[in-house]
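Structure first, then comments.
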Amino acid sequence: MYSTLENAWTAQAAGRTPERGTAALARRCAHRACREAVQLRYDAVGSAAVDTERTPLDRCLRDLITASRHVASSEKILDDVGNLRLGRDSTSPHL
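FYI, our numbering numbers position 16 of the sequence shown as 20, with every residue one higher than the one before it.
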């Protein structure tokens, strides 16, 4: 994620247009990895994960699941990036 954003920043600073879609894919990948990491920990902790006084895991997992419903980190972004890579135009503001 960081290297992708750094490359986009460098391109923009040099007056070049950053590649559309790359940051969107990195963002989706980072979000998915975070959600999977919290889910694995949640599963490992067991029923104690729902005890909000002992661990914030339940809230973290719910927040990540909710955020995954946003178009910027959903499966839809894959369609948008795929269209770009196939030479089709995309009007998605999330790329």
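Note that beta-carbon positions come from the ideal geometry of N, C-alpha and C, so glycine has one too. Predicted model, so just to flag it, every value in this text is computed and none were measured.
Item checked: Cut-off 8 Å between Cβ atoms - residues of its own chain near THR59, not counting five sequence neighbours on either side -> Answer for THR59: VAL49, ALA52, ALA53, listed in chain order.
Check: Can you find at least 3 beta carbon pairs, one from the stretch 37-47 and one from the stretch 12-20, that sit closer than 8 Å?
Finding: With a cut-off of 8 Å, the stretch 12-20 and the stretch 37-47 do not count as touching, because too few Cβ pairs lie within range.
Next item on the list: Measure the C-alpha to C-alpha separation of ARG66 and ALA27 and round it to an integer number of angstroms.
Entry: Distance between the alpha carbons of ARG66 and ALA27: 24 Å.
Notebook entry, point to check: Since ASP83 contacts LEU99 with CB under 8 Å, what's their CB separation in whole angstroms?
Noted result: Between ASP83 and LEU99, the beta carbon gap of about 11 Å keeps them out of contact (Cβ cut-off 8 Å).
Next item on the list: Give a yes or no on whether the C-beta atoms belonging to THR70 and ARG63 are separated by under 8 Å.
Entry: For THR70 and ARG63, no; Cβs fall outside 8 Å.
Check: For the alpha helix (DSSP H) that VAL42 lies in, which residues bound it at each end?
Finding: For VAL42, the uninterrupted alpha helix (DSSP H) run begins and ends at 26-49, by DSSP.
Check: Which residues in the same chain as THR8 place their Cβ atom closer than 6 Å to its Cβ, once the five residues preceding and following it in sequence are excluded?
Finding: Scanning its chain for C-beta atoms nearer than 6 Å, with the 5 sequence neighbours on each side dropped, one finds around THR8 the residues THR26, ALA27, ALA30, in chain order.
Check: Which runs of the alpha helix (DSSP H) spanning at least 4 residues fall entirely within the stretch 60-96, listed in chain order?
Finding: Entirely contained in the stretch 60-96, the alpha helix (DSSP H) runs reaching 4 residues are, in chain order, 61-71, 80-89.
Check: Could you give the distance in angstroms between the alpha-carbon of ALA18 and the alpha-carbon of HIS74?
Finding: Distance between the alpha carbons of ALA18 and HIS74: 31 Å.
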